[in-house]
Each structure stands twice: as C-alpha cells, then as structure tokens.
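The numbering used here numbers the first residue of the sequence shown as 129 and each following residue consecutively.
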Amino acid sequence: YYHVVKLQEEDIEERFVKGWGKGGQKVNKTNNCVELRHVPTGICHQTRSLTRNRSIARELLLNQLDQLYNGKDSKAAIQIAKIKKRK
C-alpha cells in the first residue's frame with residue numbers, strides 16, 4: 129500500500145545560512161540559503177534563494193520523505209519504472 133507523506137510544521141527546522149556558488153560578494157554576505165531539516169528522520173536539503181526556494185525546498189524534502197517511506201512505490205520510483213519500460 130502507499131503511505132501518504134504529510135509535512136507538519138513542528139517536524140521541520142528552518143534555518144537561513146550563507147549561500148554558495150555563483151553570485152560573488154552578494155552570495156557570500158547574505159543569509160539567503162534555506163536549510164530545511166526533517167527532525168524525525170534527519171533529512172536535510174539546502175537551496176540558494178530565500179523567497180522562491182522556501183517552497184521548492186519543502187517540495188524536495190517531501191519527495192525525499194516519499195522515497196524514504198514508500199521506496200519502490202514512491203512517485204519518483206514509479207516514474208523511473210515507466211521510463212525504463214518505454215526503452
């Protein structure tokens with residue numbers, strides 16, 4: 129059976145840290161990188177931009193939890209299996 133993964137705010141730690149990569153001085157001086165950690169599992173993901181990527185970071189974290197809890201039945205695994213069948 130498929131386990132529906134839901135994020136609860138109390139299970140997420142959100143931190144803003146200095147970014148990395150291209151951008152020079154702006155990236156090195158501002159805390160615009162979002163670091164999310166799912167407390168029960170310890171899964172962590174980082175993104176570079178503060179405003180837009182808060183939601184992207186949550187979506188990526190949700191996908192990782194889906195893979196952790198559902199394994200072969202996760203949405204990503206099902207998509208990969210469909211692609212492999214086409215070949």
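Glycine included, C-beta positions come from ideal geometry on N, C-alpha and C.
Does DSSP put residue i in a helix, in a strand, or in coil?
i    : result
L164 : strand
L135 : coil
K213 : helix
S183 : helix
Y197 : helix
Quick one: what's residue i bridged to in DSSP?
i    : result
V145 : C161
I140 : H166
Suppose contacts are defined by Cβ-Cβ distances below 8 Å. Is residue i in contact with residue j by that definition?
i    : j    : result
V167 : E141 : yes
N191 : A209 : no
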